[in-house]
Amino acid sequence: MTYAPLGSQGSADVHETSTVRPYAVTGGRVRSAMSDLPLEALVEVMPGAVNGQGLPPEKRAILQHAAHTYVSIAELSALLRLPLGVVRILVADMQEEGHITVHTSTPVNVHTGHGSSNSGLSLSVLESVLNGISAL
Numbered sequence: 001m002t003y004a005p006l007g008s009q010g011s012a013d014v015h016e017t018s019t020v021r022p023y024a025v026t027g028g029r030v031r032s033a034m035s036d037l038p039l040e041a042l043v044e045v046m047p048g049a050v051n052g053q054g055l056p057p058e059k060r061a062i063l064q065h066a067a068h069t070y071v072s073i074a075e076l077s078a079l080l081r082l083p084l085g086v087v088r089i090l091v092a093d094m095q096e097e098g099h100i101t102v103h104t105s106t107p108v109n110v111h112t113g114h115g116s117s118n119s120g121l122s123l124s125v126l127e128s129v130l131n132g133i134s135a136l
């Protein structure tokens with residue numbers, strides 16, 4: 001990373017610019033096993049992972065931004081000034097390494113309690129809920 005001053009008067013404000021290409025950040029990968037994470041997925045740092053020792057600067061920055069509050073993948077992309085695909089790969093890698101947890105809005109199956117891409121609430125359950133609310 002290099003630092004280039006903003007403004008021509010030599011002000012104290014500095015703007016961080018990256019000299020590393022996105023493919024170098026991801027190791028040349030364009031997707032990972034879980035890189036299809038939605039934009040609105042929230043990132044939470046696991047306890048003990050905040051120090052980020054031994055991690056590259058981009059992953060340490062993700063830990064820093066998500067250390068005190070939930071941050072979406074889209075927000076991380078904007079904050080880090082990295083392409084969305086790169087941030088998705090980094091977040092997926094960090095989730096596999098156990099540094100973070102990613103919360104998505106995947107529907108939960110009524111019968112199993114687990115989410116999947118084609119699960120959701122059945123029509124009969126929704127009708128029962130609506131009838132119960134109407135009875136109140």
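Counting from 1, position 37 in the sequence shown corresponds to residue 37 in the UniProt record's numbering; the numbering is continuous, with no gaps. Virtual Cβ for every residue (Gly too), placed ideally from N, Cα, C.
- [ ] Go through its chain and collect everything with a Cβ distance to V25's Cβ below 6 angstroms, but skip five positions before and after it.
- [x] Locating residue 25 in the sequence shown gives position 25, counting from the first residue. Once the five neighbours on either side are set aside, the close Cβ partners of V25 are E58 and V86.
Open item on the list: Run through the DSSP bridge pairs and tell me what E44 is partnered with.
Closed with: Within the sequence shown, the letter at position 44 stands for residue 44. Partner(s): T101.
Open item on the list: Is the separation between the beta-carbon of L37 and that of R88 shorter than 8 angstroms?
Closed with: As a position in the sequence shown, residue 37 is number 37, starting the count at 1. As a position in the sequence shown, residue 88 is number 88, starting the count at 1. Yes, Cβ-Cβ distance for L37 and R88 is below 8 angstroms.
- [ ] Spatial neighbours of residue 179 within its chain, please: CB distance less than 6 angstroms, with the 5 preceding and 5 following residues excluded, ordered by chain position.
- [x] Because residue 179 is not part of the residues shown, which for the chain are 1 to 136, the question remains open.
TODO: Find the nearest neighbour of T104 within the set L130, E44 and S134, judged by alpha-carbon distance.
DONE: The residue labelled residue 104 in the question sits at position 104 within the sequence shown. Among L130, E44 and S134, the Cα nearest to that of T104 belongs to E44.
Open item on the list: One question on the structure: do H65 and L84 come within less than 8 angstroms of each other, judged by their Cβ atoms?
Closed with: Taking the sequence shown and counting its residues from 1, one reaches residue 65 at position 65. Taking the sequence shown and counting its residues from 1, one reaches residue 84 at position 84. No, they are not a contact pair.
- [ ] Could you tell me the boundaries of the alpha helix (DSSP H) in which N51 lies?
- [x] Taking the sequence shown and counting its residues from 1, one reaches residue 51 at position 51. Element bounds for N51: n/a, residue is neither H nor E.
Task: Integer-rounded CB distance, given that V71 should sit under 8 angstroms from L42 - done: On the sequence shown, residue 42 is found 42 positions in, with the first residue counted as 1. On the sequence shown, residue 71 is found 71 positions in, with the first residue counted as 1. Confirmed, about 7 angstroms.
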